[in-house]
Amino acid sequence: MAWWLWIVCGLIVISVEVLLPFEFFLFLIGSAGVLTGAIVGICGAFGIELGYSTGFFIFIVSSILLLFFVRGPLKRYFAVKEKAAFSTGTVTIIDADISPSTLGKGEMRGANCQVRNMTTSPLVVGKSYAVSAYDGIILIVK
6 MAWWLWIVCG
16 LIVISVEVLL
26 PFEFFLFLIG
36 SAGVLTGAIV
46 GICGAFGIEL
56 GYSTGFFIFI
66 VSSILLLFFV
76 RGPLKRYFAV
86 KEKAAFSTGT
96 VTIIDADISP
106 STLGKGEMRG
116 ANCQVRNMTT
126 SPLVVGKSYA
136 VSAYDGIILI
146 VK
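For the record, in the sequence shown the residue sitting at position 23 is 28 according to the numbering used here, with numbers rising by one throughout.
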């Protein structure tokens, strides 16, 4: 394959990763294609013609190496901290009175949320309460 075709195919695969998140799988496969195109192009510039089988061998080896050694660190670096949105100790403001052991509505950081009252007394409208835990997207006040 021509060196520029490797790069074009690699960029197409990378763009699919942008549209459909595959946790860097397609990004690294596309990067291997771009890397293969660069190696084939550099070799061609020096008069060394690489055959199809050599190009595919470079692509497969670079894909495997990138997937094994780069994917993990990339996933850890770009990992979303799930608990960052609802951390304990943050304050929620109650929108309507919530009886004990029931579910109600509140506001935290400008966003509406569901609040479960796990105390023995009702939560009063307009007051701020500290979040002690959360269950999925439900904030728990104890």
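C-beta: ideal position from N, C-alpha, C; glycine also.
Three-state secondary structure (DSSP) of residue i
| i | result |
| --- | --- |
| SER104 | coil |
| ILE142 | coil |
| LEU55 | coil |
| LYS80 | helix |
| THR125 | coil |
| VAL18 | helix |
| LEU33 | helix |
| VAL66 | helix |
| PHE27 | coil |
| VAL75 | coil |
| TRP8 | helix |
| VAL13 | helix |
Spatially closest choice to residue i from the options, by CA coordinates
| i | options | result |
| --- | --- | --- |
| ARG138 | LYS147, ILE63 and SER36 | Going by the sequence as given, residue 138 is Ala instead of Arg. Nearest option by C-alpha distance: LYS147. |
| LEU10 | LEU24, ALA43, LEU31 and PHE29 | ALA43 |
| GLY111 | ILE142, GLU22 and TYR82 | ILE142 |
| TYR134 | GLY35, ILE98 and ALA7 | ILE98 |
| GLY115 | GLY52, PRO26, GLY49 and VAL96 | VAL96 |
| ALA50 | ASN117, TRP8 and VAL120 | TRP8 |
| LEU79 | PHE27, ARG121 and VAL21 | PHE27 |
Contact check, residue i vs residue j, beta carbons under 7 Å
| i | j | result |
| --- | --- | --- |
| ILE12 | VAL39 | yes |
| LEU33 | LEU72 | yes |
| ARG76 | PHE29 | yes |
| GLY35 | ILE47 | no |
| MET6 | GLY60 | yes |
| ILE145 | MET113 | no |
| ALA37 | SER58 | no |
Chain D within 7 Å of residue i, Cβ atoms only
| i | result |
| --- | --- |
| GLN119 | The chain labelled as chain D is not found in the depicted structure, where only one protein chain is given. |
Bridge-paired residues (DSSP) for residue i
| i | result |
| --- | --- |
| ILE98 | GLU112 and SER133 |
| VAL120 | GLY109 and LEU144 |
(request) Count the C-beta pairs between the stretch 123 to 133 and the stretch 95 to 115 that are closer than 8 Å, then say yes if the count reaches three, no if not. (result) yes
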